[in-house]
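K.L.:
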């Protein structure tokens with residue numbers, strides 16, 4: 001009887017850990033940035049399960065660590081800014097341990113004919 005209880009307790013613990021880790025992974029931040037034109041960048045932040053994250057913070061940071069620009073995502077979970085002249089990256093910060101960066105080299109024009117819906121102007 002004692003062995004069965006220990007086995008059940010171990011299974012419950014394993015199940016709890018598996019479910020708990022799945023819930024944590026369900027809200028990992030994701031950021032994409034594209035060039036609207038040669039001098040304008042638009043970024044979108046969301047969770048990896050598609051939830052919009054309006055009000056979350058984004059920063060444009062120089063490679064020396066200086067903050068060049070900062071802003072918050074709008075109601076459509078996007079933030080548009082002028083592209084800095086110096087090298088930079090974009091930091092999407094949704095809380096402790098929940099940050100993602102977009103390197104300047106990753107910021108390009110959207111693929112022709114495949115412009116994301118959030119990039120289109122009404």
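Numbering (my numbering), first residue to last: 1 to 122. The C-beta atom is built at its ideal place from N, Cα and C for all residues, glycine as well. Here the structure is a predicted model, which means the values were calculated and not measured.
1) For residue 108, count neighbouring C-beta atoms within 10 Å of its own C-beta (all shown protein chains included) and say buried if the count is 16 or more, exposed if not.
2) Looking at the structure shown, is residue 117 part of a helix, part of a strand, or coil, going by DSSP?
3) On the CB-based measure, 16 or more other CB atoms within 10 Å of its CB, does residue 117 come out buried or exposed?
4) Return the first residue and the last residue of the beta strand (DSSP E) that residue 99 is part of.
5) Can you check DSSP and say which residues form a bridge with residue 70?
6) Quick one: using the 10 Å Cβ neighbour count with 16 as the cut-off for buried, is residue 114 buried or exposed?
7) Note down, in chain order, each residue of its chain lying with its Cβ closer than 8 Å to the Cβ of residue 106, except the 5 sequence neighbours on either side.
8) With burial defined as no fewer than 16 other Cβ atoms inside 10 Å of the residue's Cβ, what is the status of residue 66: buried or exposed?
9) Give the single residue among 90, 57, 83 whose Cα lies nearest to the Cα of residue 101.
P.N.:
Taking the coordinates as given:
1) Start at 1 with the first residue of the chain shown, and residue 108 comes out as number 108. By the beta-carbon neighbour count (other beta carbons within 10 angstroms, threshold 16), residue 108 is exposed.
2) One-based indexing of the chain shown puts residue 117 at position 117. In this structure, residue 117 counts as helix in the three-state DSSP scheme.
3) Within the chain shown, numbered from 1, the residue matching residue 117 stands at position 117. Exposed, by the Cβ-count rule.
4) Looking up residue 99 in the chain shown gives position 99. Counting along the chain, the beta strand (DSSP E) containing residue 99 begins and ends at 99 to 103.
5) Here residue 70 refers to the residue found at position 70 when the chain shown is read from its first residue. DSSP lists 59 as partners of residue 70.
6) Here residue 114 is taken as the residue at index 114 of the chain shown, counted from 1. Classification of residue 114: exposed, given that the 10 Å Cβ count is below 16.
7) Indexing the chain shown from 1 puts residue 106 at position 106. For residue 106, where only same-chain residues beyond five positions count, the Cβ hits under 8 Å are 33.
8) Numbered from 1 along the chain shown, position 66 holds the residue referred to as residue 66. Exposed, since its Cβ has fewer than 16 Cβ neighbours within 10 Å.
9) Numbered from 1 along the chain shown, position 101 holds the residue referred to as residue 101. Of the candidates 90, 57, 83, the one whose C-alpha sits nearest the C-alpha of residue 101 is 90.
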